[in-house]
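Those protein sequence lines, which keep their order, are chains B and U. Heads up: the first sequence begins at 1 in my numbering, then just goes up one per residue. Heads up: the second sequence begins at 1001 in my numbering, then just goes up one per residue.
Number of protein chains: 2
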Amino acid sequence: MAHAGRPKRSTLADIAAQAGVSIKTVSRVIRREPVSEATRARVMQVVAAQGYRPITAPRSAAGDRSYLIGLLHLPPVSPFVAGLIMGAGKEARKEGYHLLVEACEVDDAAARTTWARQLVIQSNLDGIILTPPLSDDPAIGAMLAELAVPTCSIAPSGEQSSGPSVGIDDRRAAREVTELLLAGGHRAIAFLTGAEGRSTSMRRLAGFEDAVRHVEDARPQVMVGDYSFRSGFEAGQTLLAQKNGPTAVFASNDEMAAGVLVAAHKLGRSMPESLSVFGFDDSLIASAVWPPLSTVRQPMEEMGCTSVQLLLDGALRPPALHQAELRPHRIIAHQIIERETNGPAPTG
Amino acid sequence: MAHAGRPKRSTLADIAAQAGVSIKTVSRVIRREPVSEATRARVMQVVAAQGYRPITAPRSAAGDRSYLIGLLHLPPVSPFVAGLIMGAGKEARKEGYHLLVEACEVDDAAARTTWARQLVIQSNLDGIILTPPLSDDPAIGAMLAELAVPTCSIAPSGEQSSGPSVGIDDRRAAREVTELLLAGGHRAIAFLTGAEGRSTSMRRLAGFEDAVRHVEDARPQVMVGDYSFRSGFEAGQTLLAQKNGPTAVFASNDEMAAGVLVAAHKLGRSMPESLSVFGFDDSLIASAVWPPLSTVRQPMEEMGCTSVQLLLDGALRPPALHQAELRPHRIIAHQIIERETNGPAPTG
DNA sequence: TTGAAAGCGTTACCAA
DNA sequence: TTGGTAACGCTTTCAA
């Protein structure tokens, strides 16, 4: 007995006795199943008075759900994942669910599918939230579809076909940033891509090109990075060493942008006077570099929250309709944050 | 029926039938209760063959534990908390437990206790991991003690009396860093404290003073910060503006150290040639600034892992001994990481 | 050392 | 619209 003094919670039976109805009726009220209005009111009153909340363990023992939602990610817990955890956890709790944060420790792509499968089966997860780049793994998607486990993908690539998803409009965000730079008079603008495979980076690149395409005298330049600080640093050194180099650099994430900043420092470029830099993500790093980095913020908590809602609404709540059309992709509004690394293009 | 095709898991009954024993016996084997060696072997073989793992829901419905461990923290999910989540989650899973990550959304100190209490009762948590600064909240500690919920505190202040805890030896780590600086010839060394209330910062300060005390010609200087980038920046400006200012600055965390770095950049001080800077934590920021910051790493994953072990060993495993002496404080080895912001003191 | 039977608090099925 | 009663898969109590 580890928990001697644990206070007794009231049960369905307690409520039923006090309200003068059967256990089953109380259960129906709690589960929002059809009950006469009068009875519902009476029961709800007792429920409120007792502060009753159903316990998940027996529910899931008897029923077919575990009230567990798994959030799958690759280590480490990045600031992005951290935000998702906050938002999803809060929303899940509100709905009587628990959020399980699961890190995939295996490197091999095939092993990942096995890992995810084990997880779903062992922990009996009711729903899955797939974070990037897991959200783009076709094998995991197929496995989850086969097991018929409701899944919500965070920021998946466009090609992903199954299930609901949530993300920002990367392409549009990138276009807006580029337009902002263009409006500031910048013409020689470099774009730094992230890891080759990552679709997000590709969409950001597309947005960059959307904006640049319409400006005759624009001199866009694209460099390949890998999302690391180091790759940003190296790209920065290369770019800024050019005789007629860019006056603005737009990196696909903050880490690379921080690398560019450092390269600029080393070469004695002042920001934003002689060079503008934009990042993406608004991670902690953005405010911990000098000058504070202009960037794009993804509302991560809202994304986490929304993903739980999609899971609950689309697959867990009404056990009825499973239409193929019901694959909503919810777009969350991004936010462009202008701090101190962007300004008008240097004249002359 | 949300989960049509969910594969059937094997149950105690299945194993029992195959092994030719009763359900209860299989249960005993699983729970590591006394069973004859022969029987145990036979049962284990079937268990292994079937890949059987007990489902937590019915266990907790029938028994007195929920197999849920709560990790309580204040928002946001900092890199420190993120590391704990990784380590604790992994270890919990290994032991058949689930980790619930819970963020406290309320600001008021009194409301926090209510929040934690609700959580424990509603979710029926078997154990609690308290992260700083929650680990120093006496009201929460008292409430948890009253409810007799096993609790493990992460990096609590020394005065904390109840329950096991885990942390690094902050005082010793700070002393070692200071000694390193001293050995490099630095004499004018400034120490930047964190938030007033935080005991960790006080212990680091004590370590700083331990080292400095034994050096006759040392010229230590202590400044008060609040763990923020901004406070580090301001302290840096003040310190470096002095005519005979410090040649080394040791900040109580990385964010403040990053602030010092920026101040140094602004004032044209080169690092590490004319100024050495040390941070604490080895957060993401440490590698995303220029030059890469020398710092102290806390093995956060290991701390998370250990906290779960302490919970399981000390309170959840053997329902027997509750001796007051059983309040282990496990010290995890820290790691001093010399990157590029520390070097010998400038000569002349 | 082992087993049979009675729960745990909920949901599910079928009848009233 | 309601209410019995049988599960759910495990733990627990008590006997053998």
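The beta carbon of each residue, even a glycine, is placed where N, CA and C say it ideally should be. Since we're looking at a predicted model, the values are computed, not measured.
Are the Cβ atoms of residue i and residue j separated by less than 9 angstroms?
i: Arg1187/U; j: Arg1219/U; result: yes
i: Thr1238/U; j: Met1256/U; result: no
i: Thr178/B; j: Gly225/B; result: no
i: Ser135/B; j: Pro156/B; result: yes
i: Leu1099/U; j: Val1308/U; result: yes
i: Thr355/B; j: Gly96/B; result: The structure shown does not extend to residue 355/B, since chain B is modelled only from 1 through 348, so no value can be given for it.
i: Ala88/B; j: Ile129/B; result: yes
i: Asp1137/U; j: Ala1109/U; result: yes
i: Leu284/B; j: Thr341/B; result: no
i: Leu1181/U; j: Asp1126/U; result: no
i: Gly1343/U; j: Glu1234/U; result: no
i: Arg1117/U; j: Tyr1052/U; result: no
i: Ala1190/U; j: Gly1232/U; result: no
i: Pro79/B; j: Asp281/B; result: yes
i: Ala241/B; j: Leu275/B; result: no
i: Ile85/B; j: Gln50/B; result: no
i: Ser1162/U; j: Leu1144/U; result: yes
i: Arg1297/U; j: Ile1337/U; result: yes
i: Leu1072/U; j: Cys1104/U; result: yes
i: Thr1306/U; j: Arg1339/U; result: no
To the nearest whole angstrom, what separates the beta carbons of residue i and residue j, a pair I think is in contact under 8 angstroms?
i: Ala248/B; j: Val260/B; result: With a Cβ gap of about 10 angstroms, Ala248/B and Val260/B do not count as contacting.
i: Gly83/B; j: Gly236/B; result: The Cβ separation is near 27 angstroms, so there is no contact.
i: Ala1211/U; j: Arg1175/U; result: 5 angstroms
i: Thr39/B; j: Thr25/B; result: 6 angstroms
i: Val1149/U; j: Val1120/U; result: 5 angstroms
i: Gly279/B; j: Ala288/B; result: Contact flag wrong, Cβ pair sits at about 12 angstroms.
i: Leu1310/U; j: Val1166/U; result: 7 angstroms
i: Pro54/B; j: Ile23/B; result: That pair is no contact at about 12 angstroms.
i: Ala1173/U; j: His1334/U; result: 5 angstroms
i: Tyr227/B; j: Ala195/B; result: 5 angstroms
i: Pro1299/U; j: Met1271/U; result: Wrong, their Cβ atoms sit about 26 angstroms apart, outside the cutoff.
If you reduce the DSSP assignment to three classes, tell me which class residue i lands in.
i: His1186/U; result: coil
i: Ser201/B; result: helix
i: Met1271/U; result: coil
i: Thr178/B; result: helix
i: Ala1235/U; result: helix
i: Leu310/B; result: helix
i: His1329/U; result: strand
i: Arg230/B; result: helix
i: Glu1216/U; result: coil
i: Phe1250/U; result: strand
i: Phe278/B; result: strand
i: Met1001/U; result: Here Met1001/U scores only 34 on pLDDT, less than 50, and its place in the model is too uncertain to base an answer on.
i: Ala288/B; result: coil
i: Ser1294/U; result: strand
i: Thr341/B; result: coil
i: Thr113/B; result: helix
i: Ala324/B; result: Confidence is the limiting factor: at Ala324/B the pLDDT is only 40, short of 50, which leaves the residue's position unreliable, though a coordinate-based value still follows. Residue state, collapsed to three classes: coil.
Should residue i go down as buried or exposed, given a rule of 16 or more other Cβ atoms within 10 Å for buried?
i: Thr347/B; result: exposed
i: Ile1168/U; result: buried
i: Gly1020/U; result: exposed
i: Glu325/B; result: Its pLDDT being 46, under 50, Glu325/B is placed unreliably by the model, and the measurement read from it follows with that caveat. With fewer than 16 Cβ atoms within 10 Å of its Cβ, Glu325/B is classed as exposed.
i: Pro1319/U; result: For Pro1319/U, the predicted structure reports a pLDDT of 42, less than 50, and the residue's modelled location is therefore unreliable. A value from the coordinates is still provided. Exposed, by the Cβ-count rule.
i: Asn244/B; result: exposed
i: Val1106/U; result: exposed
i: Ala1048/U; result: exposed
i: Glu146/B; result: exposed
i: Gln45/B; result: exposed
i: Asp254/B; result: buried
i: Ser60/B; result: buried
i: Gly1063/U; result: exposed
i: Glu33/B; result: exposed
i: Ala1041/U; result: exposed
i: Glu1037/U; result: exposed
At 4 residues or longer, what runs of the alpha helix (DSSP H) sit wholly inside the segment 1007–1079 of chain U?
1012–1019, 1023–1030, 1037–1050 and 1056–1062
Quick check for students: name the residue ranges of the beta strand (DSSP E) that lie wholly in the segment 94–168 of chain B, counting only runs of 3 or more.
98–103, 127–130, 151–154 and 165–168
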